[in-house]
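Enquirer:
Numbering (the numbering used here), first residue to last: 1154 to 1393.
#1: Which residues bound the alpha helix (DSSP H) around residue 1324?
#2: Give a yes or no on whether the C-beta atoms belonging to residue 1177 and residue 1301 are separated by under 8 Å.
#3: My output table needs one value for residue 1230: the three-state DSSP class, helix, strand or coil.
#4: Quick one: using the 10 Å Cβ neighbour count with 16 as the cut-off for buried, is residue 1377 buried or exposed?
#5: DSSP three-state call for residue 1175: helix, strand or coil?
#6: Helix, strand or coil for residue 1343 per DSSP?
#7: When you compare each of 1373, 1368, 1385 and 1352 to residue 1189 by their alpha carbons, which one comes out closest?
#8: Could you tell me which of 1312, 1327, 1163 and 1306 sits nearest to residue 1214, measuring between CA atoms?
#9: If you count every other CB in all the chains shown that lies within 10 Å of the CB of residue 1239, and 16 or more means buried, which is it?
#10: Identify whether residue 1191 lies in helix, strand or coil by the three-state DSSP scheme.
#11: May I have the straight-line CA-CA distance separating residue 1321 from residue 1283, to the nearest angstrom?
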């Protein structure tokens, strides 16, 4: 027996949202990419970034869950357009990581040298520029995550206790995912040290390849959503 009204709906929405968001955010796999992208940063800087990214990720998921559909409608942006544009960004970034990680790391190291902060006093201003874009969006909570959160929000009950419980459960799942991102990113460098540079490089490329597949799938889903109705409407005229 559930302890309060709506508890069953909250639990069901939590499990649904957690499984959906975890599968696309994938904090452990994303941590390997985070370690690769921030290879020139100190541990203190990575810890600062992980906290900021965790907060940003929670905000992105919660805003998408509660108000995502309304925001897209206000600006006249379809979910298909979000998927196509965001998927292309994710795929492009993943391709850069996959095709030439050495050159990318060297370039990032050169760019980071002028603003490199000390281990004890990392410079927030220099890190804040990359904390949201691209490390939070699109790497951590990209268009796929936003689309999933919007879909979860759109599936809420019409009203009553179940509506509040549903949103509470989904919101709790979003916060848990954000906490997992924070912990995974904060320990990313130690994970790489335990794995060794060679194994971390292999796993990093594998994660980049999977990210490329995710970006491609997001783009294809958006294209299918746009072209599907057009093809269906055009079929009756083919036989004329």
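In this text, a Cβ means the ideal position worked out from N, Cα and C, and glycines have one as well.
Expert: Based on what the coordinates show:
#1: Note, residue 1324: alpha helix (DSSP H), 1314-1339.
#2: Yes; because the gap between Cβ atoms is below 8 Å, this pair is in contact.
#3: DSSP, read as helix, strand or coil, puts residue 1230 in coil.
#4: Taking all protein chains shown into account, residue 1377 has fewer than 16 neighbouring C-beta atoms within 10 Å of its C-beta and is therefore exposed.
#5: The answer is helix: DSSP assigns residue 1175 an H, G or I state.
#6: If DSSP states are grouped into helix, strand and coil, residue 1343 belongs with the helices.
#7: Looking at the Cα atoms, 1352 is the closest of the given residues.
#8: Residue 1327 holds the alpha-carbon nearest to the alpha-carbon of residue 1214 among 1312, 1327, 1163 and 1306.
#9: Residue 1239 should be labelled buried.
#10: It is coil, neither helix nor strand.
#11: When rounded, the distance between both Cα atoms is 30 Å.
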